[in-house]
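Trainee: Take this structure, written in structure tokens, and hold onto it; I'll ask about it next.
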Amino acid sequence: MQRLNEQSNIALKRTVIVAIFAAVAVVLSMVESLIPLNMGVPGAKLGLANIMVLTCLYFLRARDAMMMVLLKTLLTAFIFGTFSSFLFSIMGALFSFVAMWFLLLIGRDKLSFIGISIVGGIAHNIGQLTAACIYFNTTKIFYYLPMLLIMGVLTGIAVGIAVRYLVPSLSKMSLFEGFLA
Amino acid sequence: MKRGDLLLIGLVVIIALAFIIPRWFDRDASEKNHNELRTAKITVDGKLFKEVTLTQEEQTIEVENEHGLNILKVHDYGIEMFDADCPDKVCLSFGFVDRTGGTIICLPHKLMVEIEGPSEEDGIDATVK
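Chains A and B, in that order, are what the protein sequence lines are.
Note that the first sequence covers residues 936 to 1116 in the numbering used here.
Note that the second sequence covers residues 3 to 131 in the numbering used here.
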């Protein structure tokens, strides 16, 4: 009985963390859309929501993080997206999720959060460009990839630094006990 | 920051620069012979809407359909999105495009502008029997 209680307790905590992270990620994307940022690369964003995805991947299992990514993308699409923009963001989000999950599995000791978030950002860009290629039926869109790569490095560094501060402070909270890797 | 991170950053920057730097040279070379005019292909929903020659004189092209309105302006051998009634205005941030391969995209309106180089037409011109 005690053991069963503990298990359902963990499951409940997981659900709560996924919900909180998804909500914070949505808020971060809203904040991001308020920041007028034009760095000469069309469509380039800071990718603040990536902070939450990476932190979630660090604490929880891959399927929970996947759930969080889907929730976040759906919520943002409902709040300010159209159907086509939803297709693009889900494509980018899934690419970035898979890339970061894979790197956390194999490269945890070789790469820090900065490296992982850079790859995540770049995978997000590639996912969106691939979606655009299918949508417009042309490969010429990849013309913008080099500029997006440079932006991905810069924003990835910023996101990685944020995660490096966020993970230790969250680890001190009682909610995250039992999830420390 | 670990060594792997620095390696990764270096690798990505080198790959990106390897694509960007040749384009600068390409641009310098093509600025000398402006007599070869480029064309911009405007497509809506994957279907060709119009092909315009990028002249120095100003021309305004209005693209209006069930998705919305986009106003494109051609000037100084290039093209730019002048105004649009889409919600995100990302297409306006593409700015003035004048290089071959350059594109302007308005996602909500399914509109795409691609610049095609003069070399392709030269290729067709050469096949005279």
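Each residue gets a CB set at the ideal place from its N, CA and C atoms; glycine is no exception.
1. What residue range is occupied by the uninterrupted beta strand (DSSP E) comprising residue 86(B)?
2. Return the chain-ordered list of same chain residues with a C-beta closer than 7 Å to the C-beta of residue 137(B), the five sequence neighbours on each side being excluded.
3. Identify, in the order they occur along the chain, each residue of the same chain with its Cβ nearer than 7 Å to the Cβ of residue 943(A), setting aside the five sequence neighbours on each side.
4. Taking C-alpha atoms, which residue in 980(A), 1013(A), 1007(A), 1066(A) lies nearest to residue 952(A)?
5. Does DSSP put residue 3(B) in a helix, a strand or coil?
6. Give me, in chain order, the residues of the same chain whose beta-carbon lies closer than 6 Å to that of residue 1021(A); leave out the 5 immediate sequence neighbours on both sides.
7. Which of the three DSSP states, helix, strand or coil, is assigned to residue 1008(A)?
8. Assess contact between the segment 49-57 of chain B and the segment 7-17 of chain B, defined as three or more Cβ pairs (one per stretch) separated by less than 8 Å. Is contact present?
9. Which stretch, first to last residue, makes up the alpha helix (DSSP H) that contains residue 112(B)?
10. Just how far apart, CA to CA, sit residue 1014(A) and residue 965(A)?
11. Below 8 Å between beta carbons: does that hold for residue 1017(A) and residue 110(B)?
12. Considering only the alpha carbon of each residue, which of 980(A), 1032(A), 1039(A) lies closest to residue 1004(A)?
13. Taking a cut of 9 Å between CB atoms, which residues from the segment 1059-1074 of chain A lie near chain B?
14. Can you check which of these residues, 1061(A), 1062(A), 1076(A), is closest to residue 117(B) by C-alpha distance?
15. Determine the chain B residues that contact residue 1017(A) at a beta-carbon separation under 7 Å, and present them in chain order.
16. Identify the residues that DSSP records as bridge partners of residue 64(B): which are they?
17. In chain order, what residues of the segment 40-65 of chain B put their CB closer than 8 Å to some CB of chain A?
18. Please report the residue range of the beta strand (DSSP E) in which residue 1073(A) lies.
19. Quick check on residue 980(A): does DSSP put it in helix, strand or coil?
20. Which of the residues in the segment 1041-1055 of chain A, read from start to end, lie with their CB under 8 Å from any CB of chain B?
21. Taking 8 Å as the CB-CB limit, is residue 1084(A) close to chain B?
22. If you draw a straight line from the alpha carbon of residue 1095(A) to that of residue 1101(A), how long is it in whole angstroms?
23. Please report the residue range of the beta strand (DSSP E) in which residue 46(B) lies.
24. Which one of 108(B), 101(B), 47(B), 91(B) has the shortest CA to CA distance from residue 27(B)?
25. Spell out whether any CB of chain B is found under 8 Å from the CB atom of residue 1103(A).
26. Measuring only the C-alpha atoms, how far is residue 123(B) from residue 78(B)?
Mentor: Quick answer:
1. Indexing the second sequence from 1 puts residue 86(B) at position 84. That run of the beta strand (DSSP E) goes 80-86.
2. Lying before the first or after the last residue shown, residue 137(B) is absent from chain B, which here runs from 3 to 131.
3. Position 8 of the first sequence, counting from 1, holds the residue named residue 943(A). Correct list: empty, nothing qualifies.
4. As a first step, residue 952(A) is located in the first sequence; it is residue number 17 there, counting from the start. Looking at the Cα atoms, 1007(A) is the closest of the given residues.
5. Along the second sequence, one-based indexing puts residue 3(B) at 1. It is coil, neither helix nor strand.
6. Here the question's residue 1021(A) lines up with position 86 in the first sequence. For residue 1021(A), where only same-chain residues beyond five positions count, the Cβ hits under 6 Å are 1012.
7. Position 73 of the first sequence holds residue 1008(A). Residue 1008(A) falls in the helix class under three-state DSSP.
8. no
9. In the second sequence, the residue the question calls residue 112(B) occupies position 110. Taken as a continuous stretch (DSSP letters only), residue 112(B) belongs to no alpha helix (DSSP H), as it is neither H nor E.
10. Residue numbering aside, residue 1014(A) sits at position 79 when the first sequence is read from its first letter. Residue numbering aside, residue 965(A) sits at position 30 when the first sequence is read from its first letter. C-alpha separation (whole angstroms): 9 Å.
11. Sequence index remark: in the first sequence, residue 1017(A) carries index 82 (1-based). Sequence index remark: in the second sequence, residue 110(B) carries index 108 (1-based). Cβ atoms of residue 1017(A) and residue 110(B): closer than 8 Å.
12. On the first sequence, position 69 is the one that residue 1004(A) refers to. The shortest Cα separation from residue 1004(A) among 980(A), 1032(A), 1039(A) belongs to 1032(A).
13. 1067, 1070, 1071, 1072, 1073
14. Position 115 of the second sequence, counted from the start, is the residue given in the question as residue 117(B). Of the candidates 1061(A), 1062(A), 1076(A), the one whose C-alpha sits nearest the C-alpha of residue 117(B) is 1076(A).
15. In the first sequence, counting from the first residue as 1, residue 1017(A) sits at position 82. Simply 110.
16. Taking the second sequence and counting its residues from 1, the one referred to as residue 64(B) is at position 62. Its beta-bridge partners are 73(B).
17. 45, 48
18. Along the first sequence, one-based indexing puts residue 1073(A) at 138. Run containing residue 1073(A): none; DSSP gives neither H nor E here.
19. Position 45 of the first sequence holds residue 980(A). If DSSP states are grouped into helix, strand and coil, residue 980(A) belongs with coil.
20. 1042, 1045, 1046, 1047, 1049, 1050, 1053, 1054
21. Here the question's residue 1084(A) lines up with position 149 in the first sequence. Cβ-Cβ to chain B under 8 Å: yes for residue 1084(A).
22. On the first sequence, position 160 is the one that residue 1095(A) refers to. On the first sequence, position 166 is the one that residue 1101(A) refers to. Between residue 1095(A) and residue 1101(A), the C-alpha separation is close to 10 Å.
23. Translated into positions along the second sequence, residue 46(B) becomes position 44. Element bounds for residue 46(B): 41-46.
24. By 1-based counting over the second sequence, the position of residue 27(B) is 25. Of 108(B), 101(B), 47(B), 91(B), the residue nearest in Cα terms is 101(B).
25. Translated into positions along the first sequence, residue 1103(A) becomes position 168. Judged by the 8 Å Cβ criterion, residue 1103(A) is not in contact with chain B.
26. One-based indexing of the second sequence puts residue 123(B) at position 121. One-based indexing of the second sequence puts residue 78(B) at position 76. Low per-residue confidence applies at residue 123(B): pLDDT is 45, beneath 50, and the placement is therefore not dependable enough to give any value.
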